[in-house]
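The opening residue of the sequence shown carries number 20 in our numbering; numbering runs sequentially from there. Where a beta carbon is used, it is the ideal one built from N, C-alpha and C, also for glycine. Notes to accompany the following structure.
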Amino acid sequence: MAVAVRGSRGGGGSGFGGFSLRSFFSYRIFVSAMFSLLFIATLSVLFTTNPSTPHHDSALPTTGNAYMRRTFLALNSDPLKTRLDLIYKQANDHVTLVNAYAAYARKLKLEISRQMRMFDDLASNISNLQMKPSYRSALFESDGPLDEDVLRHFEKEIKDKVKVARLMIAESKENYDNQLKIQKLKDTIFAVNELLIKAKKNGAFASSIAAKSIPKSLHCLAMRLVEERISHPEKYKEEEPSPEFEDPSLYHYAIFSDNVIAVSVVIRSVVNNSDEPWKHVFHVVTDRMNLAPMKVWFKMRPVERGAYVEVKAVEDFTFLNSSYVPVLRQLESAKLQKFYFENRAENATTDTHNMKYRNPKYLSMLNHLRFYLPEMYPKLHKILFLDDDVVVQKDLTGLWKIDLDGKVNGAVETCFGSFHRYAQYLNFSHPLIRERFNPRACAWAYGMNIFDLDAWRQEKCTEQYHYWQNLNEDRTLWKLGTLPPGLITFYSTTKSLDKSWHVLGLGYNPSISMDEIRNAAVIHYNGNMKPWLDIAMNQYKKLWTYYLDNDMEFVQMCNFGL
Numbered sequence: 020m021a022v023a024v025r026g027s028r029g030g031g032g033s034g035f036g037g038f039s040l041r042s043f044f045s046y047r048i049f050v051s052a053m054f055s056l057l058f059i060a061t062l063s064v065l066f067t068t069n070p071s072t073p074h075h076d077s078a079l080p081t082t083g084n085a086y087m088r089r090t091f092l093a094l095n096s097d098p099l100k101t102r103l104d105l106i107y108k109q110a111n112d113h114v115t116l117v118n119a120y121a122a123y124a125r126k127l128k129l130e131i132s133r134q135m136r137m138f139d140d141l142a143s144n145i146s147n148l149q150m151k152p153s154y155r156s157a158l159f160e161s162d163g164p165l166d167e168d169v170l171r172h173f174e175k176e177i178k179d180k181v182k183v184a185r186l187m188i189a190e191s192k193e194n195y196d197n198q199l200k201i202q203k204l205k206d207t208i209f210a211v212n213e214l215l216i217k218a219k220k221n222g223a224f225a226s227s228i229a230a231k232s233i234p235k236s237l238h239c240l241a242m243r244l245v246e247e248r249i250s251h252p253e254k255y256k257e258e259e260p261s262p263e264f265e266d267p268s269l270y271h272y273a274i275f276s277d278n279v280i281a282v283s284v285v286i287r288s289v290v291n292n293s294d295e296p297w298k299h300v301f302h303v304v305t306d307r308m309n310l311a312p313m314k315v316w317f318k319m320r321p322v323e324r325g326a327y328v329e330v331k332a333v334e335d336f337t338f339l340n341s342s343y344v345p346v347l348r349q350l351e352s353a354k355l356q357k358f359y360f361e362n363r364a365e366n367a368t369t370d371t372h373n374m375k376y377r378n379p380k381y382l383s384m385l386n387h388l389r390f391y392l393p394e395m396y397p398k399l400h401k402i403l404f405l406d407d408d409v410v411v412q413k414d415l416t417g418l419w420k421i422d423l424d425g426k427v428n429g430a431v432e433t434c435f436g437s438f439h440r441y442a443q444y445l446n447f448s449h450p451l452i453r454e455r456f457n458p459r460a461c462a463w464a465y466g467m468n469i470f471d472l473d474a475w476r477q478e479k480c481t482e483q484y485h486y487w488q489n490l491n492e493d494r495t496l497w498k499l500g501t502l503p504p505g506l507i508t509f510y511s512t513t514k515s516l517d518k519s520w521h522v523l524g525l526g527y528n529p530s531i532s533m534d535e536i537r538n539a540a541v542i543h544y545n546g547n548m549k550p551w552l553d554i555a556m557n558q559y560k561k562l563w564t565y566y567l568d569n570d571m572e573f574v575q576m577c578n579f580g581l
């Protein structure tokens, strides 16, 4: 018994160990059973619950419990079903995207009705494709295995529709993406602005060439006149100067030009509109090359009604040399010659702002003779300066009767608002200019100026001109031309005249009032569109051609006015 008891005790130890092992296995079986019950319960819930409908915007078909059961068991049952699910999701995403673009287009009320119809049709086609009976029965409502051939055909059709949708969205995206539209608009504005700048440069360059070139008709006229001079030298012998050329009691005009026909029109217009033409004396100065044509013209076509014309060359005024005239001395500078005469076409269009100042005419002595009037005509008291691109429409003797109040220059002011002020012609960043002149001072115009030569001599205006011209050798005080030094020279010695004496802008401004033109004593074709050029404005050209001597045989031969 004792043994049994011990054995029982020993067995009790064994029994206790057996009991623990059985308890462990019982626990595992219990846990496995619980998970199995939970899994079965989950399946029961899934199989007995009606799945929710897809998104209302997708318009994709819902086939109920069969499709949901197939989706849940796809991984374990049929790999083709997973493939179908991916195709279904891709189609659903693109239908939603297409519908979104179509709705946004309607909201923006864009005029793209064709695109909206295409979006709607595409979304409908994708939805209808899945609703086709052949696909619906074989793919969406079948509980059995899927037909791979049907699935492949279905996938091909879906991918084709998706590809079309992507292409449509890519093409029309810029219509809906504001940032893209803004960037594209900026790019377009930049490109158009670049084209505009280029066109302006080319236009300015072409206009400059047209303005600086000699028209064929003008060249023809000069050649005909020279030929006449060579053919009949006995007709054109030098004559003694008329005493009227120095008579201060007469009305004297200064015209400096190398254009024969332009000078002829100016003089004819003055004479035809003067009350006492026999009291008018015209001093014409040209360059050596055009001296013979100019003299032959006025010999063949003498001024009517008793007016006097004196024709000279710049070289006849011997005091005008480089030792006295700053412009001639500066022209001898190699740097300045390079600035003017090496201005090649490929470089000209890159500097349109300063291109017009590169014209060598701005250093021509014909252009600067206006600063030497008292020395050229020492016996005169007053003289009227006229540009060769003006037309006179009224008697101008009233200008000699105007009291200039001790001023030197009588001129029409051109400023209005902030335009045509001294600041636009002079460099006020330079200390000399800033100290001596007012940037708001009103500018005036050359082209018709009555000069009191006695006051000029007293004020020593030519010396003032020389002083400033010497300082501007490096062109830091003003760009080239004669108006800026004129504004400086006659800064405090200019008398403002009534604007009806001188109307400007007929060489560039197409909107000048015809009433203003008719009331003007002098009209001025300042600008590139000179009346003797093909680029002249037609509405103003007839005012110039009216005084053209069409009866002159060479004018007819050279086709002037056509």
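Residues of the same chain with a CB within less than 8 Å of the CB of V427, apart from the 5 flanking positions on each side, are F470, D471, A474, W475, E478, C480, F509, T512, T513 in chain order. Within the same chain, and ignoring the five residues on either side of N538 in sequence, the residues whose Cβ sits closer than 6 Å to its Cβ are S519.
For the set H543, Y527, K401, K560, the Cα lying nearest the Cα of S226 is the one of Y527.
By the Cβ test, the segment 559-570 is in contact with the segment 279-291, since at least three Cβ pairs between them sit closer than 8 Å. L310 is the residue among L310, I452, W316, V315 whose C-alpha sits nearest the C-alpha of L385. Taking C-beta atoms as the reference points, N446 and L499 fail to come closer than 8 Å. S352 and P252 have their C-alpha atoms some 39 Å from each other. According to DSSP, residue pairing for I542 in a beta bridge involves V410, V522. Residue nearest to L399 within the set D414, S236, S268, Y391 is S268 (criterion: CA-CA distance). Contact check between the segment 340-347 and the segment 290-308: fewer than three CB pairs, one atom from each, fall below 8 Å, which does not count as touching. Distance check between S437 and each of V114, A460, R494 places A460 closest, using alpha-carbon atoms only. Contact annotation: S293 and T416 have beta-carbon atoms nearer than 8 Å. Look at D568 here: in three-state DSSP terms it is coil, with no helix or strand label. Ranked by Cα distance from D408, the first of K231, A281, G425, E329 is A281. Taking every protein chain shown into account, the CB of P458 has fewer than 16 other CB atoms within 10 angstroms, so this residue is exposed. CA-CA distance, T115 to K182, rounds to 15 Å. A distance of 8 Å or more separates the beta carbons of T305 and H387. For the pair N545 and G425, the CB atoms are not nearer than the 8 Å cut-off. Residue state for Y343 is assigned as coil, using DSSP reduced to three classes. For the segment 256-331, the full-length alpha helix (DSSP H) segments reaching 4 residues or more read 279-291, 307-319 along the chain.
Non-local C-beta neighbours of A462 in its own chain, meaning closer than 8 Å and more than five positions away in sequence, comprise E432, T433, C434, H439, R440, Y441, Q443, Y444, L502, L506, ordered along the chain. Scanning I216, M242, N118 for the CA closest to the CA of M576 turns up M242.
V279 is a Cβ neighbour of P312, given a cutoff of 8 Å. Selection K254, P296, H238, Y270 evaluated against M308 yields H238 as nearest (Cα-Cα). Under the DSSP definition of a beta bridge, E432 partners with W463. Straight-line spacing of the CA atoms in P550 and F404 works out to 20 Å. For L240, the uninterrupted alpha helix (DSSP H) run begins and ends at 235-250, by DSSP. If the five residues before and after H521 are omitted, its C-beta is found closer than 6 Å to the C-beta atoms of V431, M467, V541, all from its own chain and listed in chain order. With respect to the C-alpha of L490, the residue from F579, H449, G524 having the closest C-alpha is H449.
Cβ-Cβ distances below 7 Å link K314 to Y255, V330 in the same chain, with the five nearest sequence neighbours on each side left out; the list follows chain order. If only complete runs of 3 or more residues are kept, the segment 474-516 shows the beta strand (DSSP E) at 513-515, in order along the chain.
Secondary structure note for L451: it is in no beta strand (DSSP E), and the uninterrupted alpha helix (DSSP H) holding it is 450-455. In the DSSP assignment, L405 falls within the unbroken beta strand (DSSP E) covering 401-405. Residue pairing for L445: DSSP places it in a beta bridge opposite W497.
Within a 10 Å sphere around the beta-carbon of D553 sit fewer than 16 other beta-carbons, which makes this residue exposed. The Cβ atoms of N578 and S236 lie closer than 8 Å to each other.
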